[in-house]
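Below is one structure, written out as structure tokens; comments come after it.
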Amino acid sequence: MLAIAVLILISISAAGFMRLGNPRGNERRELQSLWESSAYAEAYAQSAGLLAQKPLDFFLLTIHGFSAYQLAIAQINNSDTLRFIDDCIWSLRKALLSNEAEKDGRLFYVLGKAYYDKGQGYADLAVEYLEKARARGYEARDIPQYLGLAYAAIRDYRGSVAAFTLALGRDASDVLLLSIARSYIALEENDSARAYLLRCVDLSRDSKTKVAARLLLGDILVKAGDTAGAEDQYLKALEDGGENAEAHYQLGVLYDAGGDTTRARAEWRRAVRINPAHGPSRLKLNT
1 MLAIAVLILI SISAAGFMRL GNPRGNERRE LQSLWESSAY AEAYAQSAGL
51 LAQKPLDFFL LTIHGFSAYQ LAIAQINNSD TLRFIDDCIW SLRKALLSNE
101 AEKDGRLFYV LGKAYYDKGQ GYADLAVEYL EKARARGYEA RDIPQYLGLA
151 YAAIRDYRGS VAAFTLALGR DASDVLLLSI ARSYIALEEN DSARAYLLRC
201 VDLSRDSKTK VAARLLLGDI LVKAGDTAGA EDQYLKALED GGENAEAHYQ
251 LGVLYDAGGD TTRARAEWRR AVRINPAHGP SRLKLNT
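Just so you know, UniProt numbering puts 25 at position 25 of the sequence shown, and the rest follows in order with no gaps.
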């Protein structure tokens, strides 16, 4: 699965997300009740049993798929997560064959999230189904964040920026600011990236996020010819997050470019002490 710091695994609320009409029959009413009481494992198992008798039933397929997704995001083991994700996708894709599904944005929404959570290779399908959910008027709060991540995964950085910016308008956060900046960097629009990184540094209270933003700022400033500004960002990254191999490595590159080889090699040695597997620093020390 895509491991992005921003993982927006928001559960589908039983009360706020869905009521699938007014199911007829005791078994269906019981299944609806299980879903609404967040008894997802029971709803999943019971719907599976009923699907054995009615494999194309829209109500059963939808309950089964939604329950599978809820179980997926509750798992700790990745293989268990993917097993439920696959079952969710199988069930909802079958549900989409029904005429009842066409105008129901909820199915497309959950299916899009499931494809995103399945892994980077399915990001194009995540975009497709999340956009279909929006086209049908379904506006879950986390759709823009998922779309921003999915668009970035398929290297559609314009789409990523647009989606993340929409998300930012609803809920400004350091992680979103950092994500927007990364998309602008991929577009080689460094001035815009710099502005978002500075906002991220000002807003964030998380040391890892601040360090990531400062390292990116340093790289942008180096490319702009502002070596003093870049050095300041790398030093502040060390202040914010403690010892960091990449920050020491980049300081070494700056000092080496300025002709201070002794100081540069000292920084690279520090980087290797912090992270013996830091390849760029080892390469510099061996040349």
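The beta carbon of each residue, even a glycine, is placed where N, CA and C say it ideally should be.
Please identify the residue among the options whose C-alpha is closest to the C-alpha of residue i.
| i | options | result |
| --- | --- | --- |
| Y115 | S91, L97 and E100 | S91 |
| F164 | D232, D87 and L149 | L149 |
| P276 | A95, S67 and E246 | E246 |
| E189 | L166, Y157 and R170 | Y157 |
| S38 | A74, F59, L56 and Q53 | A74 |
| Y184 | G159, A172 and D174 | G159 |
| D86 | L107, Q233 and K118 | K118 |
| R194 | G229, A52 and A126 | G229 |
| V253 | T81, E243, K208 and Y234 | Y234 |
| residue 288 | A126, A68, Y122 and L61 | It is not possible to answer for residue 288, since the shown part of the chain is limited to 1 through 287. |
Under three-state DSSP, which class holds residue i?
| i | result |
| --- | --- |
| I76 | coil |
| L221 | helix |
| P276 | coil |
| L97 | coil |
| Y138 | coil |
| D156 | coil |
| D124 | helix |
| N22 | Reliability of the predicted coordinates at N22 is poor, the pLDDT of 49 falling under 50, and no value is obtained from them. |
| D117 | helix |
| S91 | helix |
Starting from residue i, trace the alpha helix (DSSP H) in both directions and tell me its first and last residue.
| i | result |
| --- | --- |
| P280 | G279 to L285 |
| E246 | A245 to A257 |
| I180 | D174 to A186 |
| E231 | T227 to G241 |
| K103 | No alpha helix (DSSP H) contains K103, which DSSP labels as neither H nor E. |
| Q46 | Y40 to L51 |
| L56 | That residue, L56, is in no alpha helix (DSSP H); it is neither H nor E in DSSP. |
I believe residue i touches residue j by the beta-carbon criterion, under 8 angstroms. Please report the beta-carbon distance rounded to the nearest angstrom.
| i | j | result |
| --- | --- | --- |
| A133 | F108 | 4 angstroms |
* Does the region 136 to 144 touch the region 177 to 184, meaning 3 or more C-beta pairs lie closer than 8 angstroms? -> no
* To do: Spell out a yes or no on whether the region 263 to 277 and the region 230 to 250 are touching, meaning 3 or more CB-CB pairs, one atom from each, closer than 8 angstroms.
  => yes
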